[in-house]
Ligand code: SF4
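Given below as structure tokens:
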């Protein structure tokens, strides 16, 4: 599909596709009109700061340094959180949450993730690597949290923070994203002489006793077909400037609620 080259935004990514599917109007505000956000869910800077702290572990593994303690990781979380909220508009916390409870949650999650990471033995090749590729003729970009060599496998990991462990429906829903990550590393397969690409999710829960769930589901031809359709449908909608409102539960947390629905809500 040629028209895709004329997408009035940069390349598509999985998060852009998800936003378009949740609400095309929100996509328009964020990526086409670049309307300033009115508020941001605290879950976003939380997730970003957690990722940055977790990255320190991968960095140490890659460089052969000693693995940082949980106190060092917690310090990194704090630094990244402060940096992120300094730039953010009003923060919107979930019920029962505030900065202190999130800090305590992050500490527990980092403890759990550190314990898991100490058991990992792959050779870290890349951290937060940007990869450009195409799906169904549509240019895409992905940021890969972690790429490792494990025997003759290339392991591509996406770290997720979640309220609870993922069930079968959630895993199925996310399968096209794993297929996209596999496409993203195809160019490295020959150069590295690997036999298989293993994309996976590692989900760390925000529970009182956080769990680390490692998901390595095998993608099917149907998952690849779904990815291609999702990408092409999104690209078509964006090119044709189809941005209807999808009003629903997501409006309560939307960063553009007043712009979209007015100030009286
Ligand atoms: S307020 Fe609701 S309908 Fe409007 S952009 Fe946000 S999610 Fe979409």
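In the numbering used here, the protein residues as written are 17 to 281. Note that CB positions come from ideal geometry on N, CA and C, so glycine has one too.
**Item:** Alpha-carbon spacing of residue 324 relative to residue 167, whole angstroms
**Value:** As shown, the chain starts at 17 and ends at 281. That puts residue 324 outside it, with no answer to give.
**Asked** Which residues share a DSSP beta bridge with residue 154?
**Response** By 1-based counting over the chain shown, the position of residue 154 is 138. Partner(s): 151.
**Request:** Determine the closest residue to residue 89 out of 247, 65, 30, 268, with distance taken between C-alpha atoms.
**Result:** Here residue 89 corresponds to residue number 73 of the chain shown, with the count starting at 1. Closest option to residue 89, Cα to Cα, is 65.
**Request:** Confirm, please, whether the CB-CB distance from residue 220 to residue 228 is below 8 Å.
**Result:** Here the question's residue 228 lines up with position 212 in the chain shown. Here the question's residue 220 lines up with position 204 in the chain shown. Yes. Within cutoff.
**Prompt:** So, do the segment 42-50 and the segment 172-180 have three or more beta carbon pairs nearer to each other than 8 Å?
**Reply:** Using a Cβ-Cβ distance cut-off of 8 Å, the segment 42-50 and the segment 172-180 are not in contact, since fewer than three pairs of beta carbons, one from each stretch, lie closer than that value.
**Request:** Kindly examine the ligand SF4 and report whether one of its heavy atoms sits closer than 7 Å to the Cβ of residue 50.
**Result:** As a position in the chain shown, residue 50 is number 34, starting the count at 1. Residue 50: no, Cβ never under 7 Å from the ligand SF4.
**Residues sharing a beta bridge with residue 65, DSSP** = Your numbering for residue 65 matches position 49 in the chain shown. Paired residue(s): none; residue 65 is not in a bridge.
**Item:** Entirely enclosed alpha helix (DSSP H) segments - the segment 237-281, minimum 4 residues
**Value:** Look at the segment 237-281 and you find these whole runs of alpha helix (DSSP H), each 4 residues long or longer: 237-255, 273-277.
**Request:** Could you pull out every unbroken beta strand (DSSP E) segment of at least 3 residues lying fully inside the segment 158-209, listed in chain order?
**Result:** Counting only runs of 3+ residues, the beta strand (DSSP E) found wholly inside the segment 158-209 occupies 169-178, in chain order.
**Where residue 114 falls, given that 16 or more other Cβ within 10 Å makes a residue buried** = Position 98 of the chain shown, counted from the start, is the residue given in the question as residue 114. Counting Cβ neighbours within 10 Å, residue 114 comes out exposed, since fewer than 16 surround it.
**Message:** Given the structure, does residue 266 come close to the ligand SF4, in the sense that its CB is under 7 Å from one of the ligand's heavy atoms?
**Reply:** Here residue 266 refers to the residue found at position 250 when the chain shown is read from its first residue. For residue 266, the Cβ falls inside the 7 Å cut-off from some heavy atom of the ligand SF4.
**Request:** Measure the alpha-carbon distance for residue 18 versus residue 248 and round it to whole angstroms.
**Result:** By 1-based counting over the chain shown, the position of residue 18 is 2. By 1-based counting over the chain shown, the position of residue 248 is 232. Low local confidence applies: a pLDDT of 42 at residue 18 is under 50, so the model's placement there is unreliable, with the coordinate-based value given in what follows. Just so you know, the alpha carbons of residue 18 and residue 248 end up roughly 11 Å apart.
**Prompt:** Given residue 161, which residues of its chain have a CB within under 6 Å of its CB, disregarding the five upstream and five downstream residues?
**Reply:** Here the question's residue 161 lines up with position 145 in the chain shown. So the qualifying residues of the chain are 173, 174, 175.
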